[in-house]
Amino acid sequence: MFDYIWRRCKVPIAAPEQAAVSSHSGLPSSVLQSVLENFPDGFVFLDNDWMIRYANANAAKLLHKTLAELLNRSACDVLPQIQESEFATTITAAKAANKPVTFEAYYLNLNATFKCNCWPVEGGMAVLFCDTTQNRKT
Numbered sequence: 002m003f004d005y006i007w008r009r010c011k012v013p014i015a016a017p018e019q020a021a022v023s024s025h026s027g028l029p030s031s032v033l034q035s036v037l038e039n040f041p042d043g044f045v046f047l048d049n050d051w052m053i054r055y056a057n058a059n060a061a062k063l064l065h066k067t068l069a070e071l072l073n074r075s076a077c078d079v080l081p082q083i084q085e086s087e088f089a090t091t092i093t094a095a096k097a098a099n100k101p102v103t104f105e106a107y108y109l110n111l112n113a114t115f116k117c118n119c120w121p122v123e124g125g126m127a128v129l130f131c132d133t134t135q136n137r138k139t
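Sequential numbering of the sequence shown, starting at 2, is according to the numbering used here.
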């Protein structure tokens with residue numbers, strides 16, 4: 002799955018089974034994969050059809066899902082009511098404008114507020130998010 006993200010995002014990084022070092026970053030692709038997997042926040046890659054093509058373990062934890070429930074599934078199927086939410090509206094607008102966006106929104110089904118950092122990439126959107134519910138209660 003890791004190499005799929007890099008191919009879709011057009012990031013000049015070799016797939017793990019190819020060259021060990023990227024000519025662009027100088028980092029082994031395994032290090033970059035480790036970075037994604039160890040973000041303290043959730044990270045997902047949504048393709049242009051809103052299919053979840055990548056999710057790290059923290060994304061699954063924050064969304065109360067398993068990775069198997071998320072990967073290669075429509076975000077609209079996995080997260081009921083997302084189509085009619087501020088998440089969909091804001092992410093769709095950012096993709097259309099080809100501009101990164103940061104926003105905070107409440108998701109009723111999880112009774113949680115998330116801060117999202119989203120940026121368009123070729124083939125979809127990268128979304129980094131964290132639960133800010135406790136911050137909003139204080």
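Ideal Cβ positions, reconstructed from N, Cα and C, are used throughout, including at glycine.
Can you grab the Cα-Cα spacing for the pair residue i / residue j, in whole Å?
i	j	result
ALA58	ALA127	15 Å
SER75	LEU68	13 Å
GLN19	SER86	Confidence at GLN19 is low in this model, with a pLDDT of 38, below 50, so the placement of that residue should be treated as unreliable; the coordinate-derived value is given next. Near 40 Å, if we compare the C-alpha coordinates of SER86 and GLN19.
ASP132	PHE88	14 Å
GLY124	LEU47	8 Å
CYS118	ILE92	The sequence shown places Asn at residue 118, rather than the Cys named in the question. Rounded to the nearest angstrom, the two C-alpha atoms are 10 Å apart.
THR90	PRO29	36 Å
Please classify residue i as buried or exposed, where buried requires at least 16 neighbouring CB atoms within 10 angstroms.
i	result
VAL45	buried
ALA98	exposed
SER35	exposed
SER31	exposed
ALA94	exposed
SER24	Residue placement at SER24 is flagged as unreliable, the pLDDT there being 43, under the threshold of 50; a coordinate-derived value is accordingly withheld.
Since residue i contacts residue j with CB under 8 Å, what's their CB separation in whole angstroms?
i	j	result
ASP39	LEU80	Reading the sequence as shown, one finds Asn at residue 39 and not Asp. About 23 Å; that fails the 8 Å criterion.
Tell me which residues share the same chain as residue i and place their Cβ nearer than 6 Å to its Cβ, disregarding the 5 neighbours each side in the sequence.
i	result
LYS116	GLU105, CYS131 and THR133
GLU70	none
Fully enclosed by the stretch 69-120, which alpha helix (DSSP H) runs are 4 residues long or longer? 76-79 and 87-98
In the stretch 38-74, which residue ranges form an unbroken beta strand (DSSP E) of at least 3 residues, counting only runs that do not cross its ends? The beta strand (DSSP E) runs lying completely inside the stretch 38-74 and spanning 3 residues or more are 43-48 and 52-56, given in chain order.
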